[in-house]
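Structure record follows, encoded as structure tokens.
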Amino acid sequence: MLLLEGFSTALQPVYLLYALGGVFVGTAVGVLPGIGPAMTVALLMPITYALDPAAALIVFAGIYYGGMYGGSTTSILLNTPGESSSIVTALEGNKMAKAGRGAAALATAAIGSFIAGTIATVLLTFLAPVVADFAVGLGPVDYVALMVVAFLTVGALLGASVLRGLASLALGLFIGLIGIDDSTAQQRFTFDNPTLVDGVDMVLVAVGLFALGEALYVASKLRHGPVELIPVSKGKNAWLSKEDWKRSWKPWLRGTFIGFPIGTVPAGGADVSTFLSYAAERKLAKGANKAQFGKGAIEGVAGPEAANNAAAAGVLVPLLTLGIPTTATAAMMLTAFQRYQIQPGPLLFENQGALVWTLIASLYVGNLMLLVLNLPLVGLWVKILQIPRPYLYAGILVFAALGAFSVNFSPSDVGILLVVGILGYFMRRYGYPVAPMVVAMILGPMFEVQLRRSLQLSQNDPTALFSSPFALVVYVSMALIFAASWWLRRRQATLEAAPAKEEVSV
Amino acid sequence: MSDLASTSAGAAAPTKRPTGEILFALVFVSVGVAGLATAGSIPIPPSETGIGPRAFPYIVCGLLVLCGAGVVLQVLRGKVGQAEDSEDLDVTAKTDWVALAKLVGFVVLHIFLIEPAGWPVAAAVLFSGAAWSLDAKPLWKAIGVSVILALVLQYVFGGLLGVSLPPGPLLEGVPFFHG
Chain A
1 MLLLEGFSTA LQPVYLLYAL GGVFVGTAVG VLPGIGPAMT VALLMPITYA
51 LDPAAALIVF AGIYYGGMYG GSTTSILLNT PGESSSIVTA LEGNKMAKAG
101 RGAAALATAA IGSFIAGTIA TVLLTFLAPV VADFAVGLGP VDYVALMVVA
151 FLTVGALLGA SVLRGLASLA LGLFIGLIGI DDSTAQQRFT FDNPTLVDGV
201 DMVLVAVGLF ALGEALYVAS KLRHGPVELI PVSKGKNAWL SKEDWKRSWK
251 PWLRGTFIGF PIGTVPAGGA DVSTFLSYAA ERKLAKGANK AQFGKGAIEG
301 VAGPEAANNA AAAGVLVPLL TLGIPTTATA AMMLTAFQRY QIQPGPLLFE
351 NQGALVWTLI ASLYVGNLML LVLNLPLVGL WVKILQIPRP YLYAGILVFA
401 ALGAFSVNFS PSDVGILLVV GILGYFMRRY GYPVAPMVVA MILGPMFEVQ
451 LRRSLQLSQN DPTALFSSPF ALVVYVSMAL IFAASWWLRR RQATLEAAPA
501 KEEVSV
Chain G
507 MSDLASTSAG AAAPTKRPTG EILFALVFVS VGVAGLATAG SIPIPPSETG
557 IGPRAFPYIV CGLLVLCGAG VVLQVLRGKV GQAEDSEDLD VTAKTDWVAL
607 AKLVGFVVLH IFLIEPAGWP VAAAVLFSGA AWSLDAKPLW KAIGVSVILA
657 LVLQYVFGGL LGVSLPPGPL LEGVPFFHG
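Order-wise, the sequence lines are chains A and G.
Counting in the working numbering, the first sequence runs from 1 upward without gaps.
Counting in the working numbering, the second sequence runs from 507 upward without gaps.
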């Protein structure tokens, strides 16, 4: 019923227009090479500054899905490796495009994204209120456990180097400390500098790390010369054939049910789910289809794309019900929510039910629009991909500066942006993942509050942190996740080695 | 922090020795050490009964020192970091420090232009400067694009979306450039 009310808001013509705009802009920016979903949300934050909360949420829902989808178009059509969550799509999608099946690859990605997104949003609709009800009963000890897991998975599990991930995490925690302590109102690490008293704004750090850092990094080693694009063939044969549908629908569904659960637990979001789905499809394929893997198997596009979108919806479960972002993109969404005084967490569904259900309703709407927009507009996305690189990166710089300036309308914020951007450059250069820093910066202050609260309740007895059964379950599952990931990492290494070899032989 | 890092990596570029990487890891260590040194001066209100406002900073700074030192050790043992991949990246290319310095310079120029000259002028300078730094040809086209982009952004954000970007003395009189 509440969802219907949400729909009645989201379906108002003005809001439909906002949703359309959000999806369109989100996809257009997401298509740009080098721009992942987190950066899309960070860069596009300024466009919602003047909107009312409901409209802003609707635009963000569109940007979120659009940005996710845009990345897959890039990796299918561009002849170079792409961002991590769609890199698996590139394995087969790229080969399909080279074989003249680009349109089919894009279509199976778009339809798969739509189906997975819709099913996952339905699951979100039913699961989120249940989790929220349950989460109301969680104490500070339980939150500490959940956030420890989020920190460790984002910091230690996902990057190539555990130490560098944790270093990035610690730096994010440190920046989160700057400003006024939430519990005692004391200034910390402000060095009596008035601009630091309010803390460093999340938007500056995120845009600096993602947008400016990336632009500087690419600029330092820019690929010169014309952009290598794979042409999209037109005509009847290019579109999905009956055979393609038959080969796609199972991977779509499997991808959905692999992606959604992985998105909901703090175990890595999209990256892990796309890889798992790819591995599953490769394993399940039979005969001639199996031989196609590595040469453009449609299952290898359909499954991971569906998993990617389902995970994107799954990530919203812990974000909305617990207030815990488990990916960099979710951290950006949380930042956006906080700007509108929306505090995700167990009470969100009670306190701001109308807004949440509008958001969820607009996820359905956005998903549908994504499908309607994307297939006819492939030509436009191809044009966007061909933007000359000097203009593209100059434009990213201008947008990053605009985003930073419009936080407080202070030029000194653009200075902070530049410092963070240079930091982001060196982090990329030396292999430090930036996502842990962003997640840590936003989770750190929340973690400290809960940690201090739990210790205060137990008269500073640290064993109390393991006293609740829920926390114990969380810690044990964390140990299991780490064991499983160690095993997966070894499998991934062997799997990645295989296509690389084939590439050499071609 | 950034100054230290940029000079260090500059020194590392010509040789193959990972000096830059070690110095960057030391940035983490030094932030941690500085934090440990100053965390003791955070005032604790007398009413505090829990672990207080100093405990978590100590943990975080300790973690920074440990991770930074750990990375230094790894690098010394020959395990260097894996530079990130990206679509437009030529991994084999040498780092173009000149282009980087130009870009950083134009962002600084942009910062100082926003208030006196107005946002559209500052944005146009940033765009054409960045495009020039990245070898956009011909230059007049880049400048033309930058002017159009700056005016469109000013119109959309300042005029339509109500984000109060200062139009600057040149465009002060044009009503649709501010919200």
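Backbone N, C-alpha and C define an ideal beta-carbon position, used for all residues, glycine too.
| Query | Result |
| --- | --- |
| Note down, in chain order, each residue of its chain lying with its Cβ closer than 7 Å to the Cβ of Gln352 of chain A, except the 5 sequence neighbours on either side. | Ile342 |
| Just the chain A side, please: which residues come within less than 7 Å of Pro563 of chain G by C-beta, in chain order? | Leu177, Arg188 |
| Tell me whether Thr329 of chain A is buried or exposed, calling it buried when 16 or more other Cβ atoms sit within 10 Å of its Cβ. | buried |
| Kindly say whether Ala629 of chain G, judged by its beta-carbon, lies nearer than 8 Å to any beta-carbon of chain A. | yes |
| Given that Ala623 of chain G touches chain A, what residues does it touch there, using C-beta distances under 8 Å? | Result: empty, since nearest Cβ-Cβ is about 11 Å, beyond 8 Å. |
| What residues match up with Gly179 of chain A in a beta bridge as DSSP calls it? | A:Arg188 |
| What's the C-alpha gap between Val473 of chain A and Phe482 of chain A? | 14 Å |
| Strictly below 9 Å CB to CB, what residues from chain G border Ile47 of chain A? | Val662, Phe663, Leu667, Val669 |
| Would DSSP call Leu363 of chain A helix, strand or coil? | helix |
| Let me confirm a value: Thr463 of chain A is counted as buried when at least 16 other C-beta atoms fall within 10 Å, else exposed. Which label applies? | exposed |
| Residues of chain A with CB under 8 Å from Gly566 of chain G, in chain order? | Note that residue 566 of chain G is Val in the sequence shown, not Gly. By Cβ distance, chain A contributes Ala170, Leu173, Phe174, Leu177, Gly444. |
| Return no unless some Cβ of chain A is closer than 8 Å to the Cβ of Leu677 of chain G. | no |
| For Pro559 of chain G, would you say it is in contact with chain A, using Cβ-to-Cβ distances shorter than 8 Å as the test? | yes |
| Per DSSP, what kind of secondary structure is Leu11 of chain A in: helix, strand or coil? | coil |
| Ignoring anything shorter than 4 residues, give me the alpha helix (DSSP H) runs that lie fully in the region 538 to 591 of chain G, in order along the chain. | 558 to 582 |
| Roughly how many angstroms separate the alpha carbons of Leu44 of chain A and Asp52 of chain A, rounded to a whole number? | 16 Å |
| Counting pairs of beta carbons, one from the region 196 to 211 of chain A and one from the region 411 to 420 of chain A, are three or more of them closer than 8 Å? | yes |
| Would you verify that the beta carbon of Gln341 of chain A is, or is not, closer than 8 Å to some beta carbon of chain G? | no |
| Mind checking whether Gly102 of chain A and Gly421 of chain A have CB atoms under 8 Å apart? | no |
| In whole angstroms, what is the alpha-carbon distance linking Pro552 of chain G and Val407 of chain A? | 36 Å |
| Using a 10 Å radius around the Cβ and a threshold of 16 neighbouring Cβ atoms, would you call Val627 of chain G buried or exposed? | buried |
| Could you tell me which of A:Leu355, A:Phe260, A:Leu375 sits nearest to Pro318 of chain A, measuring between CA atoms? | A:Phe260 |
| List, in order along the chain, the chain G residues whose C-beta lies closer than 7 Å to that of Phe455 of chain A? | It should be noted that the sequence gives Leu, not Phe, for residue 455 of chain A. By Cβ distance, chain G contributes Gly556, Ile557. |
| Please list the partners that Ile620 of chain G has in chain A, where partner means a Cβ-to-Cβ separation under 7 Å. | Phe405, Pro411 |
| Counting only runs that start and end within the region 289 to 371 of chain A, where is the alpha helix (DSSP H) found for 4 or more residues in a row? | 299 to 322, 328 to 339, 348 to 351 |
| Would you kindly check if the distance between the Cβ of Leu322 of chain A and the Cβ of Leu169 of chain A is under 8 Å? | no |
| Looking at the secondary structure, which residues open and close the alpha helix (DSSP H) in which Trp249 of chain A lies? | 242 to 264 |
| Cα separation between Leu532 of chain G and Ala589 of chain G? | 18 Å |
| At a cut of 8 Å, does the region 355 to 366 of chain A reach the region 158 to 168 of chain A through at least three beta carbon pairs? | no |
| Using a C-beta to C-beta distance shorter than 7 Å, which residues of chain A count as neighbours of Ala636 of chain G? | Tyr393, Ala394, Leu397 |
| With a threshold of 8 Å between beta carbons, is Phe426 of chain A in contact with chain G? | yes |
| Considering only residues of the same chain and omitting the five flanking positions on each side of Leu127 of chain A, which have a CB-CB separation below 8 Å? | Thr264, Val317 |
| Report the neighbours of Gly546 of chain G on chain A: residues whose CB is nearer than 9 Å to its CB, in chain order. | Per Cβ cutoff of 9 Å: no residues; Gly546 of chain G is ~12 Å from chain A at best. |
| Spell out a yes or no on whether the region 378 to 398 of chain A and the region 572 to 592 of chain G are touching, meaning 3 or more CB-CB pairs, one atom from each, closer than 8 Å. | no |
| Residues in its own chain within less than 8 Å of Ala336 of chain A by CB, not counting five upstream and five downstream? | Val41, Met45, Thr48, Ala56, Phe60 |
| Assuming Ile180 of chain A contacts Met441 of chain A under a Cβ cut-off of 8 Å, what Cβ separation, rounded to an integer in Å, is found between them? | Wrong, their Cβ atoms sit about 15 Å apart, outside the cutoff. |
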